[in-house]
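If you want my numbering, it's the position in the sequence shown, counting the first as 1, plus 2.
Backbone N, C-alpha and C fix where the C-beta goes; we use that ideal spot for every residue, glycine too.
Quantities reported herein were computed from a predicted structural model and do not represent experimental measurements.
Read through the structure below, which is laid out as structure tokens, and then see the notes.
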Amino acid sequence: MSTDISEHRKKLLEALFVAGRDNSNAAVMFHTAVAARIGLGMTEEKALDLLQRNGPMTAGEISQHTGLAPASVSGLIDRLEAKGLAHRTRDPRDKRRVIVEVDYGRLAGFGSLFDGLVSGLTELYGGYTDEQLELILDFLTRATAIQRAVTPHLAP
């Protein structure tokens with residue numbers, strides 16, 4: 003069995019890496035702009051997104067999901083609290099645990115910043131079959147898992 007890669011596949015793989023980098027850059031710039039519009043750093047904005055999607059979390063859980071060092075997460079939570087966007091509460095089942103929760107009242111109106119992106123992606127998704135969407139979802143899920151797995155190795 004030959005291990006040679008065809009020229010076509012080499013070009014496809016190269017284009018895929020370039021497109022992935024372009025997508026990553028566009029996502030970073032978009033979220034940087036959103037964060038700036040609401041007076042946050044990008045890490046703060048993404049932490050709020052994580053809390054909104056997953057619900058209340060401990061600092062340790064935030065650290066696990068983000069790959070950030072615990073000391074960095076503590077500072078992140080402090081900044082979110084200072085801006086009135088999140089707060090720490092005691093876990094009612096285990097008073098030793100502290101849980102971070104989003105203050106949804108303070109986030110009202112921020113969702114409209116995503117309207118253009120959501121409508122554009124909804125239109126894009128409409129052009130794919132269910133099978134193609136399943137493939138895209140599989141790719142994104144697996145690529146995200148790879149990125150999450152390597153992130154902690156970059157922490158200082």
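Through-space distance from residue j to residue i, alpha-carbon basis
i           : j           : result
residue 82  : residue 68  : 16 angstroms
residue 159 : residue 38  : Residue 159 falls outside the range modelled here, since the chain spans only 3 to 158, and no answer is possible.
residue 53  : residue 156 : 23 angstroms
residue 89  : residue 75  : 13 angstroms
residue 15  : residue 138 : 16 angstroms
residue 32  : residue 40  : 13 angstroms
Selection from the options that minimises the alpha carbon distance to residue i
i           : options         : result
residue 30  : 41, 117, 16, 45 : 45
residue 145 : 28, 131, 22, 17 : 22
residue 149 : 26, 10, 12      : 26
Exposure label - residue i; buried when at least 16 CB within 10 Å
i           : result
residue 8   : exposed
residue 119 : exposed
residue 64  : buried
Per DSSP, the bridge partner or partners of residue i
i           : result
residue 104 : 88
residue 59  : 102
Segment contact, 8 angstroms Cβ cut-off, at least three pairs: the stretch 88 to 102 with the stretch 50 to 61 | Short answer: they touch.
Stretch pair the stretch 103 to 113 + the stretch 70 to 90: three plus CB contacts closer than 8 angstroms = Segments in contact, yes.
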